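Comments concern the structure below.
Number of protein chains: 2
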Amino acid sequence: MIVDPWRVEGDIDYDRLIEEFGTKRLDVSIFNTPPENLPVMLRRGFFFSHRDLDVALRDGFFIYTGRGPSGKMHIGHLPPFLLAKWLQDRYGANLYIMISDDEKFVYNREIGWKEIDRYAIQNIQDIASIGFDPDRTFIFRDTEYIRNMYRLSLEIARKINLSTAKAVFGFTGESNLGLIFYTALQTVPTMFEKNVPLIPAGIDQDPYWRVQRDIAESLGYRKVSAIHNRFFPSLMGPGSKMSSSKPETVIFLDETKESLRKKIYRAFSGGQPTVELHRKLGGNPDIDVSFQLLYYMFEDDDNTIREIYDRYRSGEMLTGELKDYTIERIWEFLERLQRNRRSVNIDKYMYDGKLASEMWNRYF
Amino acid sequence: MIVDPWRVEGDIDYDRLIEEFGTKRLDVSIFNTPPENLPVMLRRGFFFSHRDLDVALRDGFFIYTGRGPSGKMHIGHLPPFLLAKWLQDRYGANLYIMISDDEKFVYNREIGWKEIDRYAIQNIQDIASIGFDPDRTFIFRDTEYIRNMYRLSLEIARKINLSTAKAVFGFTGESNLGLIFYTALQTVPTMFEKNVPLIPAGIDQDPYWRVQRDIAESLGYRKVSAIHNRFFPSLMGPGSKMSSSKPETVIFLDETKESLRKKIYRAFSGGQPTVELHRKLGGNPDIDVSFQLLYYMFEDDDNTIREIYDRYRSGEMLTGELKDYTIERIWEFLERLQRNRRSVNIDKYMYDGKLASEMWNRYF
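Taken in order, these protein sequences are the chains called A and B.
Read the first sequence against the numbering used here and you will find it ends at 364, with the numbers running on by one and no gaps.
Read the second sequence against the numbering used here and you will find it ends at 1364, with the numbers running on by one and no gaps.
Shown next as structure tokens:
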């Protein structure tokens, strides 16, 4: 099992990750609200780990997350954003979304700015379609906002020496200077406000924040707190991560209902080879990709999901029925997102909204 | 002898530097003009080495130099700027002057922005007082101009890996990430134009340009050419470099005539302990600091300098007389600079002049 900010390989053992990264298991009673008020992803353990979430909730927080624009977005990218929306709605928190076009450029020595720019705009439109509060959300591209962040990035960079960077991020002699400096830049938004930065993200992003936690207080800011989601299942089955570079493994945000149907039909299933065997032996929802998607994200109703589990397990529900139901639920979600996307005004989030226009006048 | 971008120690052997850095001895016939048209610093060998100056003169060039604003400027900082002015006047070349406030911040882990900002403004005023063409000169601070340079800095950073940076710049595990990234940023202005960048600088800055020369063509730009000056003598005598951190060793640009007089009077001399001995044995102009200052910078007339040399050597001219003459020549220079400084408009060089305003609309 290899988990770092650039690779996720092998079968994921979440208990081991909590232990290895030194985080805490998430107990949703921390939100102090009946479970039925929580989004599915929290209620059913898709967010499974945290660091100092109690501190964030106690002292007040702002939310920081991001996206590296190197390809089209798929539903596996959404959980941190969906949780951010819920947190913003519930707590009235400001939300900062970094579009790390710089990181994606230096990470891939072959990619050009044209491609990065195209994906950056597309990704921002996708993210904005989620419906954040336009006066409390700031979406920014590093290459555009760099002047506002540069001084603070140097204050941070000055505190991180090469030995630390190599130990924490695994840099080698082959790592290029851009990738190395980016570790400082990614830290800047954790210091956009004086209260606690709360980061919803994959646990694989944790190394960045360990360094932040070492230096934040010496610069007059708070240590990050984080809430970590599981890796999204690949359509090809459990134990692998969705990846844009393998289109058959992912559901893009711009799928048509037809392409969605094809992908779900081809997705890994926990059913038996024939209807007869299925009726006799039952299916296995615990490894069925459609069921996982419903369970962690697309089926809000607890009774319905329990019923589906039991009916599929017993063989009463066939794989085709489960898939058809899943397609409807996902399409309901995608259709709304795609409709929002056609009318969304990204300038409100990037330049014109209350928070965005304040941010363009601040130099950190 | 240690010579790198951060340290100059020991006795300087210029022939050995030419050999070690792999540069060429400067023969001023390359300028294709009678020696009497050349400034003193060229005519008398203060600029002693070059790299591809022939290519720059043949193919056309722009000039790039800079200043790290970590203290007051002294006359030892001036040679690259004075040569830049001569080159600009003679060849009509554009001149780019980087004020590397970022480098100075990350180099000194204790310094704060307030101090850097104060020196940056002071230094820019000093530099602008030299009288460059306001429509062909762009003076910029890295922390202000970063957005225009950031993308190109990433293109450069992506091409330099950590092994190369360690080998060329001598970084260790203790080096901080800011200092490491700066090596990419300093390269950006060598790509402000498509013709040859010509850099007047101390030979100690050479390592930066060796990396530039390795990658420039792959990015569609020209390799740097450079012209190197000797280290300025310390007032305390030959074999050491002027340093702002030891005020008694340097002549600041803001000296009064009185403070200038005191410093020259205390400066290292090639004279004998008593007038009688001096008259009898003569002085040694080759190690006399006043004579060095006149020779390399402040006495333009070849007959006069020869006469001073002979008269001091023979004992006819006393140390006091030589010092008084030197004070007058330097004061003549400083007074003009200080007068210019009181009326100089730095905005013309930074924002409003023809080249400056073009540069603020260019994103590299």
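Backbone N, C-alpha and C fix where the C-beta goes; we use that ideal spot for every residue, glycine too.
Fair warning: this is a prediction, and the values are worked out from it, not measured in the lab.
Not one beta carbon of chain A lies nearer than 8 Å to the beta carbon of L1277/B.
Of all alpha-carbon atoms in A1267/B, T1023/B, Y1014/B, I1012/B, the one lying nearest the alpha-carbon of R1210/B is that of T1023/B.
Note on geometry: alpha-carbon atoms of Y1182/B and I1121/B lie some 21 Å from one another.
Interface with chain A (8 Å Cβ-Cβ cutoff): R1151/B is included.
With respect to the 8 Å criterion, Y119/A and G71/A are classified as neighbours on the basis of their beta carbons. By the criterion of a C-beta distance shorter than 6 Å, S1100/B is surrounded in its chain by G1066, G1068, D1142, once the five residues flanking it on both sides are discounted. Under the 8 Å Cβ criterion, the segment 184-200 of chain A does not count as touching the segment 1199-1219 of chain B, having fewer than three qualifying pairs. Around the beta carbon of A167/A, fewer than 16 other beta carbons sit within 10 angstroms, so the residue counts as exposed. CA-to-CA, the gap between W1086/B and S1049/B works out to about 17 Å.
Per DSSP, reduced to three states, the secondary structure at Y1221/B is coil, with no helix or strand assignment. The alpha-carbon of I127/A is positioned some 8 Å away from that of F81/A.
Closest option to V28/A, judged by alpha-carbon separation, among S244/A, M41/A, F21/A: M41/A. The continuous beta strand (DSSP E) containing M98/A extends over residues 95-99. In summary, the residues of the segment 1154-1173 of chain B whose CB is separated from some CB of chain A by less than 9 Å are L1154, E1155, I1156, A1157, R1158, K1159, I1160, N1161, L1162, S1163, T1164, A1165, K1166, F1171, T1172, G1173, in the order they occur in the chain. Assigned with DSSP and collapsed to three states, G1315/B falls in coil, not helix or strand. Sequence-distant partners of G92/A (beyond 5 residues in either direction) whose C-beta falls short of 8 Å from its own C-beta, in its chain, are R136. Within the same chain, Cβ atoms closer than 7 Å to the Cβ of A1084/B are found at I1063, T1065, L1095, P1200, the five residues on either side in sequence being excluded. In the three-state reduction of the DSSP assignment, F81/A falls in the helix class. With the rule of 3 Cβ pairs closer than 8 Å, the segment 308-322 of chain A counts as touching the segment 260-278 of chain A. The beta-carbon of T1183/B is placed less than 8 Å from the nearest beta-carbon of chain A. Residue burial annotation: K1246/B is exposed, with fewer than 16 other C-beta atoms found within 10 angstroms of its C-beta. L1198/B sits in a strand when the DSSP states are folded into three classes. Look at the beta carbons and you see the segment 1050-1057 of chain B touching the segment 1225-1232 of chain B: at least three pairs across the two are nearer than 8 Å. Using a Cβ-Cβ distance cut-off of 8 Å, the segment 1147-1167 of chain B and the segment 138-156 of chain A are in contact, since at least three pairs of beta carbons, one from each stretch, lie closer than that value. DSSP places P233/A in the strand class (E or B) of the three-state scheme. Think of a sphere of 8 Å around the beta carbon of N176/A: the chain B residues whose beta carbon falls inside it are A1157, R1158, K1159, I1160, N1161, L1162, in chain order. In the three-state reduction of the DSSP assignment, N1340/B falls in the helix class.
With fewer than 16 other Cβ atoms inside 10 Å of its own Cβ, S343/A counts as exposed. Residue pairing from DSSP places H1074/B in a beta bridge opposite F1252/B.
As for any alpha helix (DSSP H) of minimum length 4 sitting wholly inside the segment 151-209 of chain A, the runs are 162-169, 177-185, ordered along the chain. DSSP places I1308/B within a helical segment (H, G or I) once states are collapsed to three. Distance check between E174/A and each of Y1014/B, A1165/B, R1336/B, D1347/B places A1165/B closest, using alpha-carbon atoms only. Our two residues, R1341/B and E1335/B, have alpha carbons roughly 10 Å apart in a direct line. Closest in alpha carbon position to I1139/B, among N1037/B, Y1351/B, T1256/B, is Y1351/B. The beta carbon of F1171/B sits closer than 7 Å to those of A1165, I1180, all from its chain and outside the five residues before and after it, given in chain order. When the Cα atoms are used, I1124/B and L1253/B turn out to be separated by approximately 12 Å.
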